[in-house]
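S.K.: Residue numbers (my numbering), protein chains in the order written: chain A, 334 to 964; chain B, 95 to 537; chain C, -19 to 204.
Questions regarding the structure given below will be posed in turn.
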Amino acid sequence: MVMKIYKSKILLILTGMMLFSCNSVLELQPTDKIRAEDLFGDPQGVKLYMANLYYQLPIEDFAYFRAGFNQNGGDPNNGGWAPAMSADEAMHSEFGDFIGDGDYHYWEPGYKLIRDVNLLFDAIPNLAIRDDEKAVLTGEASFIKAFAYFGLAKRYGGVSLIKATQKYTGNVEDLKVPRSTEKETWDYVMELCDQAIANLGPVKGRRASKWAAYALKSRAALHAASIAKFGSRAPMSGNAVTQKLVGIDAADAAGYYAACIAASEAIMTSGQHSLYMPNPASPAVAAENYRALFQNPEVAAENEAILVKGFTLPGNNQGHNYDIWYQPAQVANGWPHPGRMNPTLDLVDAYESYTNPGHDAPIVTTVEGSVTDYNGFNPALNYIRFDSPNDIFKNKDARLWGTAILPGTVWKSAPIIIQAGYIKPDGSSVIRTKDQIDVGGTTYYTYGAPSTTMYSGFDTYGGNNTRTGFGFKKFMNQNTPIVPGWNQSTSDWIEFRYAEVLLNYAEAVVESGTGNAANAAKAINDIRKRAGHTVDIPLTVDNVQRERRVELAFENKRFWDLMRRREFHTAFNNRFMHSLLPLVDLRTLPAKYIFVRVNTPNSNTRTFDTKAYYRSIPGIGANGLVQNPLY
Amino acid sequence: MKKYALILAAVFLTLSCSKKTSSGPPNPPEPPDPPPVQEVVYDETGCLFKSYNGLVMAGYQGWFAAEGDASERGWYHFQNGSCGGFKPGCSTIDFWPDMTEYTKTYPSPFQFANGTNAKLYSPYDEETIDLHFKWMQQYGLDGVFMQRFVGEIKNTNPKGKRHFNKVLENALKAAKKYSRAICVMYDLSGCSPEDVAYLEQDWNELQTLFKLFDNVQNPTYLRHNKKPLVVIWGVGFNDNRKYTISDVDKLVDKIKGPTKKVSVMLGVPYFWRTLKNDTENSTTLHTLIKKTDVIMPWAVGRYSNDNYTNVAGAELAGDIQWCATNKVDYVPLVFPGFSWGNLRNDPSLYNSIPRLKGDFLWKQVAGAKLSGAKSLYVAMFDEIDEGTAIYKCAREGELPLHADKRFVGIDADLPSDHYLWLTGQAVKWFHGEGTYNSTRPVR
Amino acid sequence: MKKLSYILLISALAASSCKKDNYDGPTAGLSGNFFDVATKALVEQDIIRGTQIEIQEKGYVVPQYLIVKNDGTYSNTLLFAATYTVKPIRTNFIALEAQEVTLNGQTTLDFNVTPYIRVTNASIVKSGTKVIATFKLQQNVINNVNKIGLYAHEDFRVGEPMRQAETERDLNAVSDPNATYTLEMDIPTKDQLKTGKSYYFRIGARIDIGEARFNYAPTVKIDL
């Protein structure tokens, strides 16, 4: 708590400095705030200042939503909308939004962080600490600044590069810095990463290590390379394009891929990081290992976790809200709006089957076998009948079982009931309507149980419950009952983990056609082995992307994969997301389960507008910057 | 019949301009026209090339010199300063000329595998340029633009000036002999603003020295819009040139003069219309272009066989429409391929834009023709530094040794005149002879 | 005391800012048609994600964008009287130069353009459970045609960006001017189309040029 107070004081100082710098009339020395020189004069002050900088990092964690970062303050109520719902990973149980012009911005917070870190750079030479400590501090500051510019570049393209603290000398115009090209901006991110790598030590912990800096470089270089390579998939025009403020020449892809390969290899050959639980005894063990890794990243502190952001205590600006929004209704413990992250059938289809390695394994529901028929229940088709509501997922990749709550699987000791309706003995169907029927002395309920606290699917009561047929498991805390209030979840967030580095590496190798293809193939197969696979698959673009999609699901990477690879507008062109309706088939006794593939109920098609590959530049009326295309 | 087609085209053009009506007050009356100046009228009796329209012409560098020729310029443009001259392991050239037919040759510092010396030619020799023009006639190429590098013809460089004057003298003579079109093309690369202004003086000198505009003396000097044509290459590029669009604008005003003494063709960057990429973002370029008679955008290196259609399709269509609207003639450039591994001392740049046995050249010829172009500029007749030459070059397997470097040859299964022949086919298509389409013709 | 002066200052600012805002409302307008320079027909467009007209008032940095209706007409009657630079962008026709237009009252500005592709001899008929489109393509640039498609929507503004059902085929080749192209839509397989209702169908084709928009044949209404 002490730290918290201190932090808000620092914020006040900064705000104060910013306001005061505008007008000499207001140049008074405040007596109730800490002055900058006093803060940096004290090593403890510097530590606190660093905590504040880390807090401001654009980490897309449990508190990252459409309105931006750290949305876990006093009023974090956003209805539980997560970035996964802007990609093809999930639907929200209630909302149908997609990507708005005002979503996912990072402009003012980015430049505030850059300003704060520039002040630190100014202070480091004068600190009363050893030179090696100064070096580490310089490394951390570079890492933080690189991260901030990465956050800006991937949203806005080329941005104004404020390389050093700006001094106000009476002319506002002097403070205006035009946008650099997108390439110059990414190159600056690379340069800052290199500076961080050169200065940081190998020590692991909750602050940036050399490995974290390499991991950031690996991610950022892959992003830049992808924009260079795939930019032509979504041609743009306008001033920002002409001036190269957005877009990178295709010829520059090779350099960025090479940078990604080198940074990833540095981690891979260091011996300092590895996969958590790389050799599971069975898929079931693999699924549990995978789940456990995200429930508490501390288990992987010595191997997979490269940088973890802590959510240590419940409370405003500290805890988060994933558990209240996303755990199923049956365990809501009084919270009124559970069950809001609904993994899509589209994602579920992508997970491999152990019986057919190297391919998507769409859920087959009928003897006829069509996986593109979304027309709803059709009595003319021969639906495959299953004894249990999750037999249909048998042999699917362990990570599906560790990521989603499948119908009838156990969560917190309760079988989670996800059922959309039934087929009556006469062959008529009752789907997504509350109803019940007695057949052979047993009462069957459309939603699988009589009351709203006893099932977790398809009843739209309160805007809750999955409408895709899948609940959410990854990151959920299985150990403690839900506390029905704001900001009570304290599971930590892994920002960089070894599996992502392997995937970055594999993608850079396969897309560039350079580097060690055998090592890259091993990288994806090591990750698959950890997920219970026993048959290796070849290094191909499709295999790498499928592996990314399933391994990194819900880590807020898919959104950026679609962005940087310029796949969003083709992936989302009048696209419905899809659901799997589990139905009880009462035409046969004992009753069996059948499944129907449908367009997600109550949803509309989504189309990605190519302008959204870049966010609009805010405030161009005042800052005079060139706007991005089509805004 | 042809004339009718042209008139139809003109009607078409007028229609394509957007029509504007306004419910507001009418525009104020135009200011009165200045007193008319009498335009100069040339006697075009006997002139063979009264317009660039319908012609296919190439650029002619003529900048090479051989050690021992009368130019006294050593191995000029064969030697590479970055590696110490002209010797095995060091050259500017990637291609080697096919020397079979040259009557005057010079021993070079290079040898074939069998130990015999590899000979070279010098364009300073009349018989050599005679041979080149003889080829042009033989394969049908309409003619050439004689490159004149303003940086090399200044009075401070008497040997350079003498060289280019001699080459031009040889060429004018051969052009007349073989009835090939000829035209002077100034290249402003490397110029200062003063050099740009100097061009006018040189141009006036040339007119007097060679009686360029004399329809009897030089009946094949290229004319356009009833005036002799002169080309100024290199305006609007955004590669930090020392001279400006405004410098060139003034120059065009001067060499045309109030009596419109000449027609001017401008060599402009590829993205001249949209003012992006290689082009300075200044609409003064468009103002300048509208004053001139023909433009030729520089396409070398802007695309390869794989992305030609994608890059050039929209540019050609938009360019041709723009030029039609603004009544400027438009000449697209085609080139057979590109290779400058030796010039840049970088083996990865051998065949950096592959020729693909002429598929690449023909794709551009067809692209230009099908987009509605009326004439072509082929880069170049004899450019072997950058490997764009269409003239006879030695084939793979028949090349001199080059120490740790190598020369690039025409594919061994093709005759050495393959690109001359293919260009000749393009000429026929543009002359309206024969039946051609986007498939490369077979010999 | 200080607080008071601030309040005064702010009120003064507020007051003066009221007085300053005495500009006329938007009284001018710009409207017109996109005509095919050869056939004189309107050039069909898309109302969403279609061709736009960029207009930039002299002295202003930020342009405005006018949308074009599906039929190839456009109209915006609420613009300020001023001189604008006008340029259609993201077009389905060969790029036009920007031009300056002075708006003074309601102004008409037609564009005569060469569409990238003309979809000709178009026919859309219902046959059994299928809707069958046949057409020819006449392209006016050398680029490939990416894709041809038959699009259906209950709204008459149907097009590639606005459809409830589609049948598409990737061509990725130069089209054959002599070929008749056929696209079939099997209605029972389209979950968004209901029999007994009327839908609008439209044939489209897209050229492979940067941000080029689709070219279309006129819409046909069909009762399913």
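Glycine residues also receive a C-beta, built at the ideal position from the N, C-alpha and C atoms.
Note that the coordinates shown come from a computational prediction; the quantities given were computed from them, not determined experimentally.
Select from C/GLY85, C/ARG149 and C/PHE73 the residue whose C-alpha is nearest the C-alpha of C/VAL17.
M.R.: For this step, residue 17 of chain C is matched to residue 37 along the third sequence. Nearest option by C-alpha distance: C/PHE73.
S.K.: Please list the partners that A/ASP942 has in chain C, where partner means a Cβ-to-Cβ separation under 8 Å.
M.R.: Here residue 942 of chain A refers to the residue found at position 609 of the first sequence. Ordered by position in chain C, the residues that pass the 8 Å Cβ test against A/ASP942 are ARG29.
S.K.: Could you check if A/TYR501 is buried or exposed, using at least 16 other CB atoms within 10 Å of its CB as the buried criterion?
M.R.: As a working note, residue 501 of chain A is residue 168 in the first sequence. That one is exposed.
S.K.: Could you say which of A/TYR947, A/GLY954, A/PRO951 and A/GLY952 lies nearest to A/PRO962 if we only look at CA atoms?
M.R.: Counting from one through the first sequence, the residue named residue 962 of chain A turns up at place 629. Per the Cα distances, A/TYR947.
S.K.: What do you get for B/ARG449, buried or exposed, if any count of 16 or more other CB atoms within 10 angstroms of its CB means buried?
M.R.: Translated into the one-based positions of the second sequence, residue 449 of chain B becomes position 355. It is buried - the Cβ of B/ARG449 has at least 16 other Cβ atoms within 10 Å.
S.K.: Tell me which residue opens and which closes the alpha helix (DSSP H) that B/ALA268 is part of.
M.R.: For the purposes of this step, residue 268 of chain B is taken as residue 174 along the second sequence, with counting starting at 1. Start and end: 252 to 272.
S.K.: Inspect the CB distances between the region 679 to 689 of chain A and the region 877 to 891 of chain A and report whether three or more fall short of 8 Å.
M.R.: yes
S.K.: Can you name the residues that DSSP bridges to A/THR699?
M.R.: Here the question's residue 699 of chain A lines up with position 366 in the first sequence. Beta-bridge pairing links A/THR699 to A/TYR716.
S.K.: Beta-carbon within less than 7 Å of A/ARG830's beta-carbon, same chain only, minus the 5 sequence neighbours each way: which residues are those?
M.R.: Position 497 of the first sequence, counting from 1, holds the residue named residue 830 of chain A. Cβ within range, chain order: GLU637, ALA638 and ILE639.
S.K.: Per DSSP, which residues does C/TYR179 bridge with? Please list them.
M.R.: As a first step, residue 179 of chain C must be located in the third sequence, where it is residue number 199. Answer is C/ILE202.
S.K.: Starting from C/PRO141, find everything on chain A with Cβ-Cβ shorter than 7 Å and list it in chain order.
M.R.: Your numbering for residue 141 of chain C matches position 161 in the third sequence. Around C/PRO141, the beta-carbon contacts reaching into chain A at under 7 Å are THR940.
S.K.: Any beta carbon of chain B sitting closer than 9 Å to that of C/LEU22?
M.R.: Sequence index remark: in the third sequence, residue 22 of chain C carries index 42 (1-based). Cβ-Cβ to chain B under 9 Å: no for C/LEU22.
S.K.: Does the Cβ-Cβ distance between B/ASN215 and B/CYS277 come in under 9 Å?
M.R.: Here the question's residue 215 of chain B lines up with position 121 in the second sequence. Here the question's residue 277 of chain B lines up with position 183 in the second sequence. Correcting the residue type first, residue 215 of chain B is Tyr in the shown sequence and not Asn. Not closer than 9 Å, so no.
S.K.: Are A/ALA420 and A/PHE892 closer than 9 Å when you measure CB to CB?
M.R.: The residue you call residue 420 of chain A lines up with position 87 of the first sequence. The residue you call residue 892 of chain A lines up with position 559 of the first sequence. It is a contact, given that the beta carbons lie within the stated cut-off.
S.K.: Rounding to the nearest angstrom, what Cα-Cα distance links C/VAL42 and B/ARG367 in this structure?
M.R.: On the third sequence, position 62 is the one that residue 42 of chain C refers to. On the second sequence, position 273 is the one that residue 367 of chain B refers to. Looking at the two C-alpha atoms, the distance is approximately 22 Å.
S.K.: Measure the Cβ-Cβ separation of A/SER475 and A/ASN532 and say whether it is below 9 Å.
M.R.: Residue 475 of chain A sits at position 142 when you count from the first residue of the first sequence. Residue 532 of chain A sits at position 199 when you count from the first residue of the first sequence. Against a cut-off of 9 Å, the Cβ pair of A/ASN532 and A/SER475 comes out as a contact.
S.K.: What span of residues does the beta strand (DSSP E) with C/ASP16 cover, start to end?
M.R.: What you label residue 16 of chain C is simply residue 36 of the third sequence in a count that begins at 1. Unbroken beta strand (DSSP E) run through C/ASP16: 8 to 16.
S.K.: Are the C-beta atoms of B/LEU369 and some chain A residue less than 9 Å apart?
M.R.: On the second sequence, residue 369 of chain B is found 275 positions in, with the first residue counted as 1. Judged by the 9 Å Cβ criterion, B/LEU369 is in contact with chain A.
S.K.: Between the Cα of C/ALA185 and those of C/ALA145, C/ALA61, C/MET165 and C/GLU140, spot the shortest distance and give me the residue it belongs to.
M.R.: Start at 1 with the first residue of the third sequence, and residue 185 of chain C comes out as number 205. Answer by Cα proximity: C/GLU140.
S.K.: Do you know offhand how far A/GLY652's Cα is from A/PHE398's?
M.R.: If you number the first sequence from 1, residue 652 of chain A lands on position 319. If you number the first sequence from 1, residue 398 of chain A lands on position 65. Rounded to the nearest angstrom, the two C-alpha atoms are 15 Å apart.
S.K.: Among the residues of its own chain, which have a CB less than 6 Å from the CB of B/ALA103, if the five just before and after it don't count?
M.R.: Start at 1 with the first residue of the second sequence, and residue 103 of chain B comes out as number 9. Here the model assigns B/ALA103 a pLDDT of 38, short of 50, so the residue's position is not dependable, and the following value carries that caveat. If we look at B/ALA103 and ignore the five residues flanking it on each side, it has no Cβ neighbours.
S.K.: Is A/MET601 near A/ALA553, with beta carbons less than 9 Å apart?
M.R.: Numbered from its first residue, the first sequence carries residue 601 of chain A at position 268. Numbered from its first residue, the first sequence carries residue 553 of chain A at position 220. Note that the C-beta distance between A/MET601 and A/ALA553 is not below 9 Å.
S.K.: To the nearest angstrom, how far is the alpha carbon of A/SER615 from that of A/ASP730?
M.R.: The residue you call residue 615 of chain A lines up with position 282 of the first sequence. The residue you call residue 730 of chain A lines up with position 397 of the first sequence. Going by the C-alpha atoms only, they are around 11 Å apart.
S.K.: Between A/VAL574 and chain B, is the shortest Cβ-Cβ distance under 9 Å, so that the two count as touching?
M.R.: Position 241 of the first sequence holds residue 574 of chain A. Yes, A/VAL574 counts as interfacial toward chain B.
S.K.: Below 6 Å CB to CB, which residues in the same chain sit around A/LYS807 once its five sequence neighbours on both sides are set aside?
M.R.: One-based indexing of the first sequence puts residue 807 of chain A at position 474. Contacts found: PHE627, THR736 and PHE887.
S.K.: Grouping DSSP H, G and I as helix and E and B as strand, with all else coil, what is A/GLN651?
M.R.: Position 318 of the first sequence, counting from 1, holds the residue named residue 651 of chain A. The answer is coil: DSSP assigns A/GLN651 none of H, G, I, E or B.
S.K.: Between the Cα of B/VAL459 and the Cα atoms of B/HIS257, B/ALA291 and B/GLY407, which residue gives the shortest distance?
M.R.: Here residue 459 of chain B refers to the residue found at position 365 of the second sequence. Of B/HIS257, B/ALA291 and B/GLY407, the residue nearest in Cα terms is B/GLY407.
S.K.: Quick check on C/GLU146: does DSSP put it in helix, strand or coil?
M.R.: On the third sequence, position 166 is the one that residue 146 of chain C refers to. In the structure shown, C/GLU146 sits in a strand (DSSP, three-state: E or B).
S.K.: In chain C, which residues lie less than 8 Å from B/GLN415 when you measure between Cβ atoms?
M.R.: Translated into the one-based positions of the second sequence, residue 415 of chain B becomes position 321. Ordered by position in chain C, the residues that pass the 8 Å Cβ test against B/GLN415 are ILE74, ALA75, LEU76 and THR94.
S.K.: Once the 5 residues before and after A/ILE860 are set aside, which same chain residues still bring their CB inside 8 Å of it?
M.R.: As a first step, residue 860 of chain A is located in the first sequence; it is residue number 527 there, counting from the start. Counting only Cβ-Cβ distances below 8 Å, and skipping sequence neighbours, we find LEU608, ALA832, LEU835, LEU836, GLU880 and GLU884.
S.K.: Check each residue of the region 883 to 907 of chain A: if its Cβ is closer than 7 Å to any Cβ of chain C, include it; give the result in chain order.
M.R.: Along the region 883 to 907 of chain A, going in chain order, the ones with a CB nearer than 7 Å to a CB of chain C are ASN907.
S.K.: If the cut-off is 9 Å on Cβ atoms, which residues from the region 33 to 50 of chain C count as contacting chain B, listed in chain order?
M.R.: none
S.K.: A/PHE928 lies in the beta strand (DSSP E); which residues open and close that run?
M.R.: The residue labelled residue 928 of chain A in the question sits at position 595 within the first sequence. Residues 925 to 932.
S.K.: Would you say the region 384 to 402 of chain B touches the region 360 to 375 of chain B, given that touching needs at least three Cβ pairs under 8 Å?
M.R.: yes
S.K.: So, under 8 Å CB-CB, B/VAL131 and B/THR517 are touching, yes? Tell me the CB distance rounded to an integer number of Å.
M.R.: Numbered from 1 along the second sequence, position 37 holds the residue referred to as residue 131 of chain B. Numbered from 1 along the second sequence, position 423 holds the residue referred to as residue 517 of chain B. About 41 Å; that fails the 8 Å criterion.
S.K.: By the 10 Å Cβ neighbour count, where 16 or more other Cβ atoms means buried, how is A/ASP465 classified, buried or exposed?
M.R.: Translated into the one-based positions of the first sequence, residue 465 of chain A becomes position 132. It is exposed - the Cβ of A/ASP465 has fewer than 16 other Cβ atoms within 10 Å.
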